[in-house]
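J.: Those protein sequence lines, which keep their order, are chains Y and G. If you want the working numbering, it's the position in the first sequence, counting the first as 1, plus 46. If you want the working numbering, it's the position in the second sequence, counting the first as 1, plus 1207. Glycine included, C-beta positions come from ideal geometry on N, C-alpha and C. What follows is a structure written as structure tokens; I'll ask about it next.
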Amino acid sequence: MRTLWLIFRFEVTRQFLRGGYALITFGVPILAIAAFFLIRALSGGDVEVSATRDRGNLPPGVNLPGASAISEDSPLAQARPMGFVDHSGLLSAAPLLIRFDSEAAAQEALRNGEISAFYVIAADYLQTGEVEAFFGRFNLGSLSDLPIWEALLSALVRQTDLSAAQLALLQARTLDIAPNALGDLAAQATENTNLLLAYVFAGLLLFTVFTTSGYLLQSLTEERENRAVEVLLSSLRPRDLLFGKFLAMNALALLQIAIWIGTALFLLSQAADLSPDLIGIAPSAEQVGVLALYFVLSYLFFGSIYAIIGALTTTLREGTQFSALIILPAMIPFYLATAFINTPNAPLPVILSLIPITAPLAMTLRAAITPVPLIEVLIGAALLGLSIVGCVWLAARLFRVNTLLSGRSPKLGDLLRLVRERA
Amino acid sequence: MITIDVQNVAKRYGQKVAVDDVSFEVRRGEIFSLLGPNGAGKTTIIRMILDIIKPDSGRIEVFGAPFSEATKQRIGYLPEERGLYKNVPLVELLSYLGTLKGMKRREAEQRAAQLLNELDLGAYKKGKVRELSRGMSQKVQFAATIIHRPELLIIDEPFAGLDPVNTEIIKNTIFRLRSEGATVVMSIHEMHQVEEMADRLLMIHQGRRVLYGEVDEVRQRYAENAVIVSGQGDWAALRGVTRVQPDETGRNITLYLDEQTTPEQIMAALASDPSYTVRSFARAVPRLNDIFIRVAGGEAKIAASALDAAEVRP
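See below:
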């Protein structure tokens, strides 16, 4: 364990000293944040509360929340309109919102595409603050609580004799909006949402593997390129060297991804008042569990495949060429995405989600689209786990034999001999 | 005390026989030289001793036992194919390699700084290998080999690429380590260094042992019945001299003797005859380089059979 720790620490330190890793890991988020705030500043995202807002009978000292008034030429004003149904009697009209007398009328308008969504203000809104949102198909641009909030704010401000509860509503920074999807439109929305979820996870996995695999490949071929390997092998076992590097490079890669995802989440939170809520992406706990499990297993599986490639090749360039042989079959589920979407539990998707090389993408696609039977999840995970162990063992074996300095990369026919060879 | 015991070891790579039934021992505290032409099997033997590769047959013991992970920490190895991480500061690099050999980090850092000073690299402690000349890199590599004060030092071509000054620095360090009790196994092509440094030698040719024993004894074994003299006189007129061979300078003359005449008889004849002026007199012993060329150049089988009969065992 001490040796593993020494290798791990040395590799991690060295990657940071190189600069390239730190630049990409921290530079990309810094650039993204800088670009975000620059664009936001240029587009006037943070607008002061409009001076034209009617303060009505608002008592002195009561501050309005940060929601901004909407001008006629704002992006929201240009988008497909939204509607509202008011059971509270609070609103007679609202800027940018179309009033409907009944939910049925609003639904009809929604189906006809006249509006992108509508809000229903509860009869007891003044007591509960409840507002429901109805939308058709999921669309990132379909929802924004800004117009309804503006309208409600104006209405509340006009009230006389504000109660403590009304004051609290005024001071609340968000509306308690309950999202709803409608009938067959809801099914379409759910499908679209799940598909988006599948692509997000699958894309994230591929992106992670592609962007970080280079670290491991480079690390595993480095000692043969700089000819330090024989010195190291006189001090430690080849498998310790391989495991140490494997752990270090994967830890660095996951750290990088965590920082990037953290940055993305931060930016999304900052953009919440400008961009619509991601209502509709609501995976179940089971889905999240399966996707998370397969993300980690898949990442380690591809890492172990890259470890084999690194063990077989003598230069990073060769390793990169080899990796295409692995990535192409791994992408098969992507090529068959239509089959996965239409019949996620058909034999082909099921089989592909159990074969280790295709399981990462296949199970991710299936799990995002439909509940996958637990037994299949477990079998797939077990096979993937066994494959990881097997691949790392094989990589260590090949690393030991091939490292011993044949000076060339083995041909396919050499592989069996290498595995059997007494190093 | 035997530090390395190699018995009947063989290794093949596919159809190629790299090492064929080789046996030898390395004694504690000696400088043992491993000789042989390129591709003879020296590096394979070294890697088998270090357990980097496994022999197909035979037995190897180091420090009186089969090789184990603990054995690695008692050995320093300078391979022929060498290199280091090019972008890591020298002290950090050496201390990392020291910790892999079981040293504590602080101890390894102190020792690294001390070694860099001793090897005349003190000014480069914070430098990186990529910033050094080839000779300097070689010395850093040597420092990495001995940072943990190994009991057994196995060095493959330690002087390759070094200028005379740095060669002397490395040579003196090897002698100092030997005087401190270390055993040194040295694969080397500079025969004059073997004559100067080594106590015993093993020569491998085409995977087989062809020379083995103490350096002086091996040279004597290959000596012809001849003497080398310098001075003046009619050398061919001496009784028992069959041939006179001056060297390139003309100052040293080799006198080849018949089977009945000994060097002692020639010396007595020269001393008793005032017509000869003798400035130096020595028995003609071949240089290791000549023996190497003879053995590697075609006399391997003859030499092997002769030496097997005449071998001096410890």
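Can you confirm whether Phe54(Y), when its beta carbon is compared against all beta carbons of chain G, has any partner nearer than 9 Å?
T.: So, not an interface residue.
J.: Among Tyr261(Y), Glu154(Y), Val438(Y), Leu172(Y), which one has its Cα closest to the Cα of His133(Y)?
T.: Answer by Cα proximity: Leu172(Y).
J.: By Cβ distance below 6 Å, which residues in the same chain neighbour Asp1258(G) in space, the five residues on each side in sequence not counted?
T.: Only Phe1274 meet the Cβ criterion.
J.: Flag Asn272(Y) as yes if its beta-carbon sits less than 9 Å from any beta-carbon of chain G, otherwise no.
T.: Asn272(Y) counts as touching chain G.
J.: What are the start and end residues of each continuous alpha helix (DSSP H) run of 4 or more residues lying completely inside the segment 1314-1367 of chain G, in chain order?
T.: List check, alpha helix (DSSP H) in window: 1341-1353.
J.: Considering His1412(G), what are the terminal residues of the beta strand (DSSP E) in which it resides?
T.: Taken as a continuous stretch (DSSP letters only), the beta strand (DSSP E) holding His1412(G) covers 1407-1412.
J.: Mind checking whether Gly436(Y) and Leu400(Y) have CB atoms under 9 Å apart?
T.: Not in contact: Gly436(Y) and Leu400(Y) (Cβ atoms no closer than 9 Å).
J.: Contact check, Pro127(Y) vs Ile161(Y) under 8 Å by CB: the rounded distance?
T.: Yes, Pro127(Y) and Ile161(Y) are in contact; Cβ-Cβ is about 5 Å, under 8 Å.
J.: State the CB to CB distance for the pair Ala1217(G) and Gly1265(G), rounded to an integer number of angstroms; the pair is presumed to be in contact (CB under 8 Å).
T.: Yes, they are in contact, since the Cβ atoms of Ala1217(G) and Gly1265(G) sit about 6 Å apart, within 8 Å.
J.: Unbroken alpha helix (DSSP H) runs of length 4 or more, entirely within the segment 1446-1499 of chain G: which are they?
T.: Qualifying alpha helix (DSSP H) stretches, in chain order: 1470-1479.
J.: Where does Leu186(Y) fall in DSSP's three states?
T.: Unreliable placement is indicated for Leu186(Y), whose pLDDT of 41 sits below 50; no coordinate value is reported for it.
J.: Do you know how far the Cα of Ala1430(G) is from the Cα of Met1393(G)?
T.: Roughly 24 Å separates the two Cα atoms.
J.: Taking three-plus beta-carbon pairs below 8 Å as touching, is the segment 418-425 of chain Y in contact with the segment 356-366 of chain Y?
T.: No contact exists between the segment 418-425 of chain Y and the segment 356-366 of chain Y.
J.: Comparing C-alpha positions only, which one of Asp1227(G), Gly1221(G), Val1213(G), Thr1210(G) sits nearest to Gly1414(G)?
T.: For the residues Asp1227(G), Gly1221(G), Val1213(G), Thr1210(G), the minimum Cα distance to Gly1414(G) belongs to Asp1227(G).
J.: Against Asn1294(G), what residues of chain Y qualify as contacts under a CB-to-CB distance less than 9 Å, listed in chain order?
T.: Arg60, Leu63, Arg64, listed in chain order.
J.: Give me the DSSP bridge partner(s) of Ala1272(G).
T.: For Ala1272(G), which the question treats as bridged, DSSP gives the partners Val1269(G).
J.: Would you please verify whether the beta carbon of Pro1273(G) is less than 9 Å from any beta carbon of chain Y?
T.: So, not an interface residue.
J.: Which same chain residues end up closer than 8 Å to Ile305(Y) when comparing Cβ atoms and leaving out the 5 residues on each side of it in sequence?
T.: Result list for Ile305(Y): Thr71, Phe72, Pro75, in chain order.
J.: What does Leu279(Y) touch in chain G if you count any residue whose Cβ is under 7 Å from its own?
T.: The contacting residues are Ile1259.
J.: Between which two residues does the alpha helix (DSSP H) harbouring Ser330(Y) extend?
T.: Element bounds for Ser330(Y): n/a, residue is neither H nor E.
J.: I believe Phe62(Y) touches Ala294(Y) by the beta-carbon criterion, under 8 Å. Please report the beta-carbon distance rounded to the nearest angstrom.
T.: At roughly 11 Å, the Cβ-Cβ gap does not stay under 8 Å, so Phe62(Y) and Ala294(Y) are not in contact.
J.: If we call anything under 9 Å between Cβ atoms a contact, is Lys1279(G) one with Lys1308(G)?
T.: Yes; because the gap between Cβ atoms is below 9 Å, this pair is in contact.
J.: Within its chain, find whatever has a CB closer than 6 Å to the CB of Leu1495(G); leave out the 5 residues flanking it on each side and keep chain order.
T.: So the qualifying residues of the chain are Met1398, Val1401, Glu1402.
J.: Any C-beta of chain Y sitting closer than 9 Å to the C-beta of Arg1254(G)?
T.: Yes, because at least one Cβ of chain Y sits closer than 9 Å to the Cβ of Arg1254(G).
J.: Can you round the beta-carbon distance between Leu1291(G) and Asn272(Y) to whole angstroms, since I take them to be within the 8 Å contact cut?
T.: The Cβ separation is near 7 Å, so the contact holds.
J.: With distance defined between alpha-carbon atoms, name the residue in Leu1359(G), Lys1335(G), Ala1319(G) nearest to Ile60(Y).
T.: Here residue 60(Y) turns out to be Arg, not Ile, going by the sequence shown. Considering only alpha carbons, the answer is Lys1335(G).
J.: From which residue to which residue does the alpha helix (DSSP H) around Ser162(Y) run?
T.: Careful: Ser162(Y) lies outside any alpha helix (DSSP H) and carries neither H nor E.
J.: In its own chain, which residues sit with a C-beta less than 7 Å from the C-beta of Glu1316(G), not counting the 5 before and 5 after it?
T.: Around Glu1316(G): Val1298, Ser1302.
J.: Can you tell which of Ile1362(G), Asp1263(G), Lys1332(G) has the C-alpha that lies nearest to the C-alpha of Gln1222(G)?
T.: Selected option, being the one with the closest Cα: Asp1263(G).
J.: Going along chain G, which residues have a C-beta under 8 Å from Thr49(Y)?
T.: Within 8 Å Cβ-Cβ: Leu1307.
J.: If you pair each beta-carbon of the segment 1249-1256 of chain G with each one of the segment 1317-1337 of chain G, do three or more pairs fall below 8 Å?
T.: The answer is no - the segment 1317-1337 of chain G does not touch the segment 1249-1256 of chain G, with fewer than three Cβ pairs under 8 Å.
J.: Going by DSSP in three states, Val58(Y) sits in which element: helix, strand or coil?
T.: Residue state, collapsed to three classes: helix.
J.: Ile397(Y) bridges to which residues according to DSSP?
T.: DSSP output for Ile397(Y) lists no bridge partner at all.
J.: Kindly indicate if chain Y contains any beta-carbon less than 9 Å away from that of Glu1314(G).
T.: Output row for Glu1314(G): interface = no.
J.: In three-state terms, what does DSSP make of Ala1247(G)?
T.: Here Ala1247(G) sits in coil by DSSP.
J.: By the three-class DSSP mapping on this structure, what secondary structure does Leu371(Y) have?
T.: Three-state DSSP puts Leu371(Y) in a helix.
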